[in-house]
Amino acid sequence: MSTENEQSSVTKETTGSRDTIYIGKKPLMAYVTSTLIQLANLPTVSIKARGMSIGRAVDVAQIVARKTENAGYTIGNIKIGSESLESQDGKTRNVSTIDIEIKRNS
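If you count by my numbering, then the sequence shown holds residues 1 to 106, one letter each, in order.
Here it is, written out as structure tokens:
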């Protein structure tokens, strides 16, 4: 389970390569900037979100892909799914997830 603090900050995975941006409640341009910084160093970046943040993740991907067409960034694979999480009242809830891959063209 992820805490709200983890969801509301721009974080990168600590295991493996640092190529994942988790979308939370920060302003949209914070995630766009973070994605572009990562793309400057890496060929692909994964944008992940779940629940109510899915729309924001799609917005970030669209801004990066459309506003920076000349830089050669495109949307790659998109994965959708769901996770079962236990809520504070003990009930199991299904939460939708999305994983959007942004690629830098060679």
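Glycine residues also receive a C-beta, built at the ideal position from the N, C-alpha and C atoms. Model, not experiment: these values are computed from the prediction.
What are the partner residues of residue i, as DSSP defines its beta bridges?
i, result
"TYR31", "TYR31 is not bridged to any residue."
Suppose contacts are defined by Cβ-Cβ distances below 8 Å. Is residue i in contact with residue j by that definition?
i, j, result
"GLY76", "ILE102", "yes"
"SER84", "THR92", "yes"
"ILE23", "ARG66", "no"
Would you decide whether residue i is buried or exposed? Buried here means 16 or more other CB atoms lie within 10 Å of its CB.
i, result
"ILE78", "exposed"
"GLU4", "With a pLDDT of only 43 at GLU4, under the threshold of 50, the placement of this residue in the model should not be trusted; the figure read from the coordinates follows. That one is exposed."
"SER46", "buried"
Excluding five sequence neighbours on each side, which residues of the same chain lie with their C-beta closer than 7 Å to the C-beta of residue i?
i, result
"VAL32", "VAL60, ILE63, VAL64"
Comparing alpha-carbon positions, which option in the options lies nearest residue i?
i, options, result
"SER82", "VAL58, GLN88, ALA49", "ALA49"
"LEU39", "GLU86, VAL58, ILE21", "ILE21"
"LYS26", "ALA71, ASP99, ARG104, MET52", "MET52"
"ARG18", "SER34, ARG104, GLY24", "SER34"
Short of 8 Å in beta carbon distance, which residues of its chain neighbour residue i, apart from the five on each side in sequence? Order them along the chain.
i, result
"ASN105", "GLY72, TYR73, THR74"
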